[in-house]
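**Q** Below is a structure I'd like to ask you about.
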């Protein structure tokens, strides 16, 4: 049933997924960039004389931070997908015939603005 629910709302789901994926990608890149920058500055301040190059450890920290950030942001992405499916189901079950839905007006406004 969920497949056909999403199929009936494919335009809305695709638009919100595209916007969400862009935001989540920017979040992953921001986490990695900040972590890499912090690692570089920390290594430069404390370990510059003890190592040949601080660039490789900083890049390594950046890559590790990207994967750790991806793990956390993928959880948030799953939560967002679940909320979207629940919103669409709520709208189809309770939004017909002028009945009141359980979704907040703020969520309705966000989904209407994205799609």
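Residue numbers (our numbering): 13 to 127. Each residue gets a CB set at the ideal place from its N, CA and C atoms; glycine is no exception. Bear in mind that the values here come from a model prediction, so they are computed numbers and not experimental data.
Below 9 Å between beta carbons: does that hold for residue 71 and residue 48?
**A** Cβ distance < 9 Å, so residue 71 and residue 48 count as in contact.
**Q** For residue 59, collect the residues of the same chain with a Cβ closer than 7 Å to its Cβ; drop the 5 residues on either side in sequence, then sort them by chain order.
**A** Contacts found: 66.
**Q** Buried or exposed, going by whether 16 or more other CB atoms sit within 10 Å of the CB of residue 74?
**A** So residue 74 ends up on the buried side.
**Q** For residue 121, count neighbouring C-beta atoms within 10 Å of its own C-beta (all shown protein chains included) and say buried if the count is 16 or more, exposed if not.
**A** Label assigned to residue 121: exposed.
**Q** Out of curiosity, what's the CA-to-CA distance linking residue 81 and residue 23?
**A** The straight-line gap from Cα to Cα measures roughly 29 Å.
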